[in-house]
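In what follows, a single structure is set out as structure tokens and then discussed.
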Amino acid sequence: MLDTQWESVARVGGDHSRPARDTWVEGSPALNEISDDIARPLSARPSAGWYGCLAASTTALAVGVGCVTYQIATGIGTWGLNKTVGWAFDITNFVFWIGIGHAGTLISAILLLLRQRWRMSINRSAEAMTIFAVMCAALFPLIHMGRPWMAFWVVPYPNWRGPLWVNFRSPLLWDVFAINTYLTISLVFWYLGMIPDFATLRDRAAAGIKKRIYSLLSLGWDGSQRTWSRYETTCVLLAGLATPLVISVHSIVSMDFATSILPGWHATIFPPYFVAGAVYSGFGMVLLLLIITRRVMGLERYITVQHLDRMAKVTLLTGSLVAFSYSSEFLSAWYGGHADERFVFVNRATGPYAWAFWTMVLCNVCVPQLLWLRRIRSSPAALLPISILINVGMWFERFVIIVTSLHRSYLPSSWVMYYPTSIEIGTLIGSFGLFFTCFLLFIRLLPMIATWEIKGLVGAHGAESPQESHV
Amino acid sequence: MSRTRLVATFSDADAVCDAVRRLRARGVRVDDVYSPYPVHGLDRAMGLRRSRLPLVTFLGGAFGAVGALAMQFYMAVFDWPLNVGGKPPNSTLAFVPITFELTVLSAGLLTAGAFLLRSRLMPGAQAATFAGRATEDAFVLVLRCGRDSTCDEGEATRLLFESGVRRIEEIRA
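Order-wise, the sequence lines are chains A and B. Counting from 1, position 182 in the first sequence corresponds to residue 182 in the numbering used here; the numbering is continuous, with no gaps. Counting from 1, position 16 in the second sequence corresponds to residue 487 in the numbering used here; the numbering is continuous, with no gaps.
Here it is, written out as structure tokens:
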């Protein structure tokens, strides 16, 4: 056994001057300090704040479980739908939640391909958010089926009914494939990213049940450079696949509307318009989650104000795209000269649901303009209410598109109003409960920051300074 | 045949890269390096070949695309042609979204699966024991020495010291 002191050996390699470290992590923590910080929430007793949040979200979840049980037992006649407005609250929530997910894939895949280092502290939690949001979204079409135990009928499998196949020309079926692919690929990407961290946790844990669980999850990872090399290739390949995937998912969701001939829905701008809105609302949700989490879990050192600033810039950009889409819709309604189309848009802004429309404009067009100010972008206290308003605005956007286009049909005798029932509102509350419960358990049970990526960031010499990379 | 493994621990990524370059310049084959994060430039220093995983992705994607189109044509055109809104049974454009989704799904799953299989990562697999603290903060270089190998123990030890090794262990197997 040969043993030597690090200091006693003269390094022949010469003077390795270290350039200023990347400031995406505050201070210059040692590598083992990084795992200490990130693993702490997994072993320490959770704070009162965490318990408080969990109590609130499980209560909301219980409300949702109650409402869903009731409406499935009774039938979806418990909703406020009528013969004119056949689609309203349920589909609004579906589109809202699917949209939330998009920011996670943007951060983990598109920013990986663009080599944006600031994604590293936030990608893990953003991916988790994607998965939970897609789970919440998938619930709504399931409930909407009325008989969710027949859900497997949407899968094309050989059957005794003909075999009668599913209708491949329907955007609703495209949704089935898009959402299942999205959920699967997101899960695979998320889990692959965590394998090296599970190995770190395995090697830190004392013998016992925890060590056994982490051993199982880490799949025997030992940090071999040969594996790392293939691992990085795999991550880039999956990111390359996830990038067009995320754009396709919300494009397909928008086609649920755009392929119909209903004025207000039948618009070619829908796919890009929905994708921009999805990323916008998703970044709103990431901001909301991370502003609270970094505080509650004491991770301000890794999720810095600079990260929030970057996310706010993406929010501003996508918010502006959304605002542009709104104006473009109105322009084409006016310029197209189609009387029914024009009527729908005038009705949207001045009709009985004008309050919803103007809430949407206030939240999605006016509020994000505050993000031009650096002072606002770098203030968690200011970003918190803005991120909530963004989500309110984006929920109302979907409500406005769906309900205002339907409630005034071609025949004035069937003009009606739609109001949600308490069951529908309870289901929405329940989906928030499910989402936040999953997220709270995630930050308690899994490493919520990619430890190995932060180590690479801190360990690599000559890391880029944040001034050099722009969104 | 007596086989010896030299396990050299470094506390710095640069030093381990330096050691790999020195050893390989003398014709010593480096068995592997274990590190807490992928060290950039180390795969080139070790002379690792480019991964063939992109080929798996391409083949997986091609399989998904062809499979999805074939499935939709069989079901909607041949087996049970259904008139939906007066569209012809062979409405190929309408088949594009599902073809795309299944292409991505198949390419992604096969890539991830091939990566795990090739790297021998699976539930219950054992990590290399001498990796030690490599998942935490150490960089561990492993050499195989013996009569039949390119590695002369004395020479390798000297080169490792020159690169600033922190600790060298010898494991006989």
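Ideal Cβ positions, reconstructed from N, Cα and C, are used throughout, including at glycine. Source: prediction; values computed, not measured.
Query - Beta-ladder partner(s) of isoleucine 642 of chain B, from DSSP - result: BP columns for isoleucine 642 of chain B point to B/Arg476.
is_contact[glycine 557 of chain B, chain A] using C-beta, thresh 9 Å = Not a single C-beta of chain A is nearer than 9 Å to the C-beta of glycine 557 of chain B.
- [ ] Could you pull the start and end residues of the alpha helix (DSSP H) that aspartate 175 of chain A belongs to?
- [x] From DSSP, the alpha helix (DSSP H) with aspartate 175 of chain A extends over 171-204.
Q.
Alpha carbons only, please: which of A/Trp165, A/Ile143, A/Trp174, A/Ile429 is nearest the one belonging to leucine 245 of chain A?
A. Comparing Cα positions, the closest option is A/Trp174.
**OP:** Compare the beta carbon distance of leucine 384 of chain A and isoleucine 291 of chain A with 9 Å and say whether it is the shorter of the two.
**Re:** In contact: leucine 384 of chain A and isoleucine 291 of chain A (Cβ atoms closer than 9 Å).
**Asked** Between B/Glu633, B/Asp608, B/Thr600, B/Thr606, which lies nearest to valine 478 of chain B when the distance is taken from Cα to Cα?
**Response** Of the listed residues, the one whose Cα sits closest to valine 478 of chain B is B/Thr600.
| message | Are the CB atoms of threonine 105 of chain A and serine 409 of chain A within a distance shorter than 9 Å? | response | Contact check for serine 409 of chain A against threonine 105 of chain A fails: the beta carbons are separated by 9 Å or more.
Item to complete: At 8 Å on the CB atoms, spell out the chain A contacts of isoleucine 569 of chain B, in chain order.
Response: Close partners of isoleucine 569 of chain B in chain A (Cβ separation under 8 Å): Phe168, Leu173, Trp174, Phe177.
- How many Å lie between leucine 614 of chain B and alanine 627 of chain B at the Cα? So the two alpha carbons sit approximately 9 Å from each other.
Quick one: measure Cβ to Cβ for threonine 259 of chain A and proline 171 of chain A, integer angstroms, because I've assumed they're closer than 8 Å. Between threonine 259 of chain A and proline 171 of chain A the beta-carbon gap is near 5 Å, inside 8 Å, which marks them as a contact.
query = For glycine 264 of chain A, which residues in chain B fall below 9 Å Cβ to Cβ?
reply = Residues of chain B passing the Cβ test: none, with the nearest at roughly 20 Å.
Can you tell which of A/Trp165, A/His144, A/His102 has the C-alpha that lies nearest to the C-alpha of valine 154 of chain A?
Distance from the Cα of valine 154 of chain A is smallest, within the candidate group A/Trp165, A/His144, A/His102, for A/Trp165.
Considering only residues of the stretch 359-416 of chain A, which uninterrupted alpha helix (DSSP H) runs meet the minimum length of 4 residues and lie entirely inside it, listed in chain order? Listed in chain order, they are 374-377, 380-399.
- Any beta-carbon of chain B closer than 9 Å to the one on valine 188 of chain A? Taking Cβ atoms only, chain B reaches closer than 9 Å to valine 188 of chain A, which makes this a yes.
Note to self: Can you tell me whether arginine 500 of chain B is buried or exposed? The criterion is at least 16 other CB atoms within 10 Å of its CB, across all chains shown.
What the structure shows: With fewer than 16 other Cβ atoms within 10 Å, it is exposed.
Note to self: Any beta carbon of chain B sitting closer than 9 Å to that of glycine 86 of chain A?
What the structure shows: No, glycine 86 of chain A lies away from the interface with chain B (no Cβ there is under 9 Å from its Cβ).
Checklist entry - In chain order, what residues of the same chain lie with their CB nearer than 6 Å to the CB of isoleucine 390 of chain A, ignoring the 5 residues before and after it? => result Taken in chain order, the residues that qualify are Gly284.
Item to complete: May I ask which residues mark the beginning and end of the beta strand (DSSP E) holding aspartate 503 of chain B?
Response: Run containing aspartate 503 of chain B: 501-505, per the beta strand (DSSP E) assignment.
Which same chain residues, not among the five before or five after cysteine 438 of chain A, have their C-beta less than 6 Å away from its C-beta? Answer for cysteine 438 of chain A: Phe132, listed in chain order.
(message) Can you give me the C-alpha to C-alpha distance between glutamine 369 of chain A and histidine 511 of chain B, rounded to a whole angstrom?
(response) Those two C-alpha atoms are separated by around 40 Å.
Check: What is the DSSP secondary structure of valine 611 of chain B, counted as helix, strand or coil?
Finding: Strand, per DSSP.
Fill in: Secondary structure of phenylalanine 168 of chain A, DSSP reduced to three states
Coil at phenylalanine 168 of chain A, not helix or strand.
Worksheet item: Going along the chain, which residues of its own chain have a beta-carbon closer than 6 Å to the beta-carbon of threonine 243 of chain A, five neighbours each way excluded?
Response: Cβ contact annotation for threonine 243 of chain A (same chain, cutoff 6 Å, sequence separation greater than five): Ala109, Ile110, in chain order.
Review point. Which value, in whole angstroms, describes the spacing of the CA atoms of isoleucine 429 of chain A and alanine 60 of chain A?
Key: Distance from the CA of isoleucine 429 of chain A to the CA of alanine 60 of chain A, rounded to the nearest whole angstrom, comes to 6 Å.
Can you find a C-beta in chain B that's less than 9 Å from the C-beta of methionine 448 of chain A?
With 9 Å as the cut-off, methionine 448 of chain A does not count as an interface residue toward chain B.
Practice item. Could you pull out every residue in the same chain whose Cβ sits closer than 7 Å to the Cβ of serine 121 of chain A, ignoring the five residues on either side in sequence? Key: Closer than 7 Å at Cβ, skipping near neighbours: Trp24, Tyr302, Ile303, His307, Ile449, Ile454.
Review point. Any idea if valine 346 of chain A is buried or exposed, counting beta-carbon neighbours within 10 angstroms, 16 or more meaning buried?
Key: Answer is exposed; the Cβ neighbour count stays below 16.
Name the chain B residues whose beta carbon is nearer than 9 Å to that of leucine 216 of chain A? Going along chain B in sequence order, the residues near leucine 216 of chain A (Cβ under 9 Å) are Pro594, Gly595.
Chain A residues whose Cβ lies nearer than 9 Å to that of leucine 526 of chain B: The premise fails here: leucine 526 of chain B is roughly 10 Å from chain A at the closest Cβ pair, so nothing lies under 9 Å.
Outcome for glutamate 673 of chain B when other beta-carbon atoms lying within 10 angstroms are tallied against a minimum of 16
Nothing about residue 673 of chain B can be reported from this structure: the residues present for chain B run from 472 to 644 only.
Quick one: measure Cβ to Cβ for phenylalanine 399 of chain A and alanine 356 of chain A, integer angstroms, because I've assumed they're closer than 8 Å. Correct: roughly 6 Å between the Cβ atoms.
Practice prompt. Compute the beta-carbon to beta-carbon distance between tryptophan 190 of chain A and glutamate 127 of chain A, rounded to the nearest angstrom, for a pair I have assumed lies under 8 Å.
Written response: Indeed, because the Cβ distance is near 4 Å, the residues count as touching under 8 Å.
Minimum Cβ-Cβ distance from threonine 413 of chain B to chain A less than 9 Å: Outside the displayed range of chain B (472 to 644) lies residue 413 of chain B, so it cannot be described from this structure.
Review point. Do we get a CB-CB distance below 9 Å when we pair serine 248 of chain A with the residues of chain B?
Key: With its beta carbon less than 9 Å from one in chain B, serine 248 of chain A belongs to the interface.
| task | Taking 9 Å as the cut-off, decide whether the C-beta atoms of alanine 103 of chain A and phenylalanine 436 of chain A are in contact. | result | With respect to the 9 Å criterion, alanine 103 of chain A and phenylalanine 436 of chain A are not classified as neighbours on the basis of their beta carbons.
Practice task
With 9 Å as the threshold, decide whether the Cβ of threonine 582 of chain B is near any Cβ in chain A.
Solution key: True, the Cβ-Cβ gap to chain A drops below 9 Å.
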